[in-house]
Amino acid sequence: MFLKKYWKSNLFFILIIFFFTLFDVYVNNYPMSIYTNLSKDYFWINLIAYIGIYSIIDLVIFLFKTLSKK
Numbered sequence: 001m002f003l004k005k006y007w008k009s010n011l012f013f014i015l016i017i018f019f020f021t022l023f024d025v026y027v028n029n030y031p032m033s034i035y036t037n038l039s040k041d042y043f044w045i046n047l048i049a050y051i052g053i054y055s056i057i058d059l060v061i062f063l064f065k066t067l068s069k070k
C-alpha cells in the first residue's frame with residue numbers, strides 16, 4: 001500500500017538525490033569530468049548512503065503516521 005501510493009514522489013526524490021550527489025561530488029573534485037566522477041566508487045557510496053538515509057526517514061514518517069491514526 002505504501003509503495004503503491006507514494007512511488008512517484010519517492011522516485012522523484014531519488015532523482016533529486018542523484019543530481020544533488022552528482023553536484024556534490026563534482027564540486028569536491030572540480031578538475032575531473034562528470035563521467036569520471038560517475039565511474040568512481042565514492043559517488044556511488046555517497047548516493048547509496050543518501051538514499052538510505054532518505055528511505056529510513058521516509059519509513060519513520062510513514063510509521064508515525066500509521067501509528068497516530070490508530
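For what it's worth, UniProt numbering labels the leading residue of the sequence shown as 1, then goes sequentially. Glycine residues also receive a C-beta, built at the ideal position from the N, C-alpha and C atoms. Here the structure is a predicted model, which is why all the values come from computation and not from measurement.
Burial state of residue i, where buried means 16 or more other Cβ atoms lie within 10 Å
| i | result |
| --- | --- |
| F43 | buried |
| T21 | buried |
| N37 | buried |
Nearest-angstrom Cβ-Cβ length linking residue i and residue j, presumed shorter than 8 Å
| i | j | result |
| --- | --- | --- |
| I17 | I51 | 6 Å |
Residue i and residue j closer than 9 Å at C-beta
| i | j | result |
| --- | --- | --- |
| Y26 | I34 | yes |
6 Å Cβ shell around residue i - same chain, five flanking residues per side excluded
| i | result |
| --- | --- |
| L47 | T21 |
Contacting residues, own chain, Cβ-Cβ under 7 Å from residue i (five flanking each side not counted)
| i | result |
| --- | --- |
| N29 | N37 |
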